[in-house]
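Chains as they are written, first to last, in this note's numbering: chain A, 2 to 263; chain B, 403 to 758. For glycine and all other residues, C-beta sits at the position ideal for the given N, C-alpha and C.
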Amino acid sequence: MLDARVENDALRMVRIEKYFGLVVALRHIDLNVGRNEIVGLIGDNGAGKSTLVKILSGVFPPTSGELYIVGQKVDFRSYNVKQAHTHGVETVYQDKSLGEKQDLWRNFFVGRQITYPLGFINVKKEKEIAEEIMHKTIGFRGEGITVDSKVSKLSGGERQGVAIGRAMHFEAELIVLDEPTVALSLKEVGKVLDFVHKIKQSGKACIYISHDIQDVYEIADRFVIMDRGEIVARILKQDISLKALGEFMLDYAHGRKDVETT
Amino acid sequence: MKRERSILLVLRKLEGLPIALVLTTLYVAFAITAPNVFTGYRIYMSFLQTVPPMLVLALGLTFVITAGEIDLSFSAVVAFSGFIFAWFFKTFDASWAAWVGILLALASGALVGYINGLLVAKIGVPSIMATLAAQFFWSGLTVLLAGGLSWNIKGIQDDIIHAIFTGRLFGVVPAQAFWALGLAIFLWFVLNRHRFGEAIMFLGDNPNVARVVGIDVEKTKIQLFTMMGILAGFSALLLTIEMNTFWTTQGQGYLLLALAAVFIGGTSIAGGEGSIVGTFFGAYIIGSLEAGVVATGIGGYWTSLVSGLVMGASVVLNILLGEGRFLRLSKRIQSWGLVARSKSTGRSLSQDNHGS
Chain A
2 MLDARVENDA LRMVRIEKYF GLVVALRHID LNVGRNEIVG LIGDNGAGKS
52 TLVKILSGVF PPTSGELYIV GQKVDFRSYN VKQAHTHGVE TVYQDKSLGE
102 KQDLWRNFFV GRQITYPLGF INVKKEKEIA EEIMHKTIGF RGEGITVDSK
152 VSKLSGGERQ GVAIGRAMHF EAELIVLDEP TVALSLKEVG KVLDFVHKIK
202 QSGKACIYIS HDIQDVYEIA DRFVIMDRGE IVARILKQDI SLKALGEFML
252 DYAHGRKDVE TT
Chain B
403 MKRERSILLV LRKLEGLPIA LVLTTLYVAF AITAPNVFTG YRIYMSFLQT
453 VPPMLVLALG LTFVITAGEI DLSFSAVVAF SGFIFAWFFK TFDASWAAWV
503 GILLALASGA LVGYINGLLV AKIGVPSIMA TLAAQFFWSG LTVLLAGGLS
553 WNIKGIQDDI IHAIFTGRLF GVVPAQAFWA LGLAIFLWFV LNRHRFGEAI
603 MFLGDNPNVA RVVGIDVEKT KIQLFTMMGI LAGFSALLLT IEMNTFWTTQ
653 GQGYLLLALA AVFIGGTSIA GGEGSIVGTF FGAYIIGSLE AGVVATGIGG
703 YWTSLVSGLV MGASVVLNIL LGEGRFLRLS KRIQSWGLVA RSKSTGRSLS
753 QDNHGS
């Protein structure tokens, strides 16, 4: 039964464990994400969300376990950020996805430039495509921002938009958003959520990590709750109200669920 | 108004414009105060001979500083690589000796840079410390190897190498000026139009971003310092071949000058942005000051003071005309105009201006 499902999953993690020395960061993580599913990954600070993201995006390998992306098994010995990109995993970090002082068009293509022989960049082509992504994929319109603008001129929401647009352009199967709305104003949060809706519309999958339950509830199809390195609950959106989810999370924050997890 | 704005934008986009203005102003000032020196071509030909070794160093340093790092060892490389060349040329007195000497000089520069890169990237030594130690080590080693002596390599004058690197085109223009110019153009393309240059900029901007967009941070740093070493080796060649002599302290005077050239050219110490064009003009400003001040006749004691003044003014100008500020300044001037007009019509046009 499992094997039949593999093909339909954008992501499957099997018994992923991660130790930093003697410290357990992740224990026995089994996680599936469907091909066009948005999974909200929630948990308090230190729950292991960031560690999970870093394994997924190729920053470091797990201590043990298996990872399948669109049914393809990942070889951790050669897995890195570039490999993650070729597998179709794109990660948008809260504050370190874009080079602040660099032009927008550079930010779209850095790491996988369109080049002439010898590695010289085809600037004209990169700008053309960047322009297209900005207008078609993320829908920036006449806000005084062009592909030649520096990232530092963009608002927090727009930056996330650029990072998400970049991920969509490179045909990511799975886009991981790591706390994309931290430190954003409400209006900007709204923009980011719109971008996430676009991911859903384009038929791709997404892991949305946040500890703002309200955002997650609005956007996700399913919630996966982590606590101290373990997945402690999986809940479909239709099975729970925002209020109940909030109370559920509070219970963990107060340690009332300890008995069940240990 | 719209057309004005677009002209301003174009001007602002011209790389190194403020610093080119400073250089022009400087030459005009010198031409006025020392007309018999600065209206002839000879003084400029002498700049084209003395500036290139320092310019080559400053070009490499522009990359290093853009990457958010620093290199203080290049002046020692100028001595070390120069020694390697002189030693080889003298020891093997054959027709091919100069060619192999050149390769060895560049390779020795690369070696020093590579070791710097390893220390910085693999072990995590701050580059200021790693390269400061390297500066002492390699200049110390050079003194030891050379026995503390200068080496005369007069024989190089009859070698084709001498003509290629430091000959006089049309009998007057020093060839090293073309080498440095060609290198500047090439390195402009590397920084602004090549994958490597983009990696350097992102690295200096934010190493964490560089890492998550898939740049191999360690490899890029090692390549960066190696490149700096090779350029310092090339600078050593231009200097040694021109002078027909190797001396143990050669290059020492370039350390602060090259740094100054990079900074007045508008490259930010914070990293992430660098200007090759700025460095090019910056190097010529720095390299012209001493001779210029002396030529004006106010006396050698003034050189340092005037140099400091010009450097300070260039940096201030660069910041004032830099990205954003320039536009804000011109906006503010326009809004003043609007306020003045709105007062006369009784309506606040300036508010509309703020909204847009």
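- Under 8 Å (Cβ pairs) to chain B, residues found in the region 73–88 of chain A: The residues in question are 81, 82, 83, 86.
- Can you tell me where the alpha helix (DSSP H) with residue 135(A) in it begins and where it stops? Per DSSP, residue 135(A) is not a residue of any alpha helix (DSSP H), being assigned neither H nor E.
- Task: Note down the Cα distance separating residue 134(A) from residue 170(A), rounded to an integer number of angstroms.
- Result: 7 Å
- Message: For residue 656(B), count the other beta carbons within 10 Å of its own beta carbon; 16 or more makes it buried, fewer makes it exposed. Which is it?
- Response: Of the residues assessed, residue 656(B) falls on the buried side of the cut-off, its CB having 16 or more other CB atoms within 10 angstroms.
- Query: Can you tell which of 647(B), 660(B), 705(B) has its C-alpha closest to the C-alpha of residue 491(B)?
  - Reply: 647(B)
- Task: Measure the alpha-carbon distance for residue 424(B) versus residue 618(B) and round it to whole angstroms.
- Result: 38 Å
- Verify the CB distance criterion: does residue 107(A) have a CB-CB separation below 8 Å to chain B? yes
- Residue-level contact to chain A via CB, residue 603(B), 8 Å cutoff: yes
- Name the DSSP beta bridge partners of residue 1(A), please? This structure cannot speak to residue 1(A), because chain A is shown only from 2 to 263.
- Reduced DSSP secondary structure (H/G/I, E/B, other) of residue 576(B): strand
- Span of the alpha helix (DSSP H) holding residue 658(B)? 656–666
- Message: For the pair the region 713–721 of chain B and the region 477–492 of chain B, tell me if three or more CB-CB distances fall below 8 Å.
- Response: no
- Message: Whole angstroms are fine: how far does the CA of residue 158(A) sit from the CA of residue 754(B)?
- Response: Unreliable positioning characterises residue 754(B) in this predicted model, as indicated by a pLDDT of 41, which lies under 50. A coordinate reading is not provided.
- Message: Just checking: is the beta-carbon of residue 176(A) within a distance shorter than 8 Å of some beta-carbon in chain B?
- Response: no
- Task: Within the region 421–447 of chain B, note down every full beta strand (DSSP E) run reaching 3 residues or more, in order along the chain.
- Result: none
- Put residue 121(A) into one of helix, strand or coil per three-state DSSP. Strand, per DSSP.
- Item | Cutoff 8 Å: residue 112(A) Cβ touching any chain B Cβ | yes
- Message: Counting only Cβ-Cβ distances shorter than 8 Å, please list the residues of the region 612–626 of chain B near chain A, keeping chain order.
- Response: Within the region 612–626 of chain B, contact with chain A at the beta-carbon level (separation under 8 Å) is assigned to 612, 613, 614, 615, 616, 617.
- Message: Does chain B have any CB closer than 8 Å to the CB of residue 126(A)?
- Response: Closer than 8 Å: no.
- Limits of the alpha helix (DSSP H) - the one that residue 150(A) falls within: No alpha helix (DSSP H) contains residue 150(A), which DSSP labels as neither H nor E.
- Message: Between the alpha carbons of residue 445(B) and residue 587(B), how many angstroms are there, rounded?
- Response: 24 Å
- Message: Closest to residue 174(A) by C-alpha separation, out of 148(A), 180(A), 203(A), would be which residue?
- Response: Measuring from the Cα of residue 174(A), the nearest candidate turns out to be 203(A).
- Task: Note down, in chain order, all residues in the region 667–681 of chain B with a beta-carbon under 7 Å from any beta-carbon belonging to chain A.
- Result: 674, 675
- Query: Do you know offhand how far residue 205(A)'s Cα is from residue 595(B)'s?
  - Reply: Using only the alpha carbons, I get a separation of about 33 Å.
- Query: Mind listing which residues of the region 574–604 of chain B have their C-beta closer than 9 Å to chain A's C-betas, in chain order?
  - Reply: Residues passing the 9 Å Cβ filter: 591, 592, 594, 595, 596, 597, 598, 599, 600, 601, 603, 604.
- Query: CB residue 99(A) to CB residue 54(A), shorter than 8 Å?
  - Reply: no
- Query: residue 607(B) touches chain A at which residues, Cβ-Cβ below 7 Å?
  - Reply: 100, 101, 102, 103
- Query: In this structure, what does DSSP give as the bridge partners for residue 648(B)?
  - Reply: 553(B)
- Task: Please work out which residues of its chain come closer than 6 Å, Cβ to Cβ, to residue 506(B), disregarding the five sequence neighbours upstream and downstream, and give them in chain order.
- Result: 486, 490
- Task: Select from 38(A), 23(A), 201(A), 95(A) the residue whose C-alpha is nearest the C-alpha of residue 51(A).
- Result: 95(A)
- Rounded to whole angstroms, how far is the Cβ of residue 81(A) from the Cβ of residue 163(A), which I believe are closer than 8 Å? With a beta-carbon spacing of about 23 Å, residue 81(A) and residue 163(A) fall beyond the 8 Å limit used to define contacts.
- Smallest Cα separation from residue 504(B): which of 418(B), 572(B), 636(B)? 636(B)
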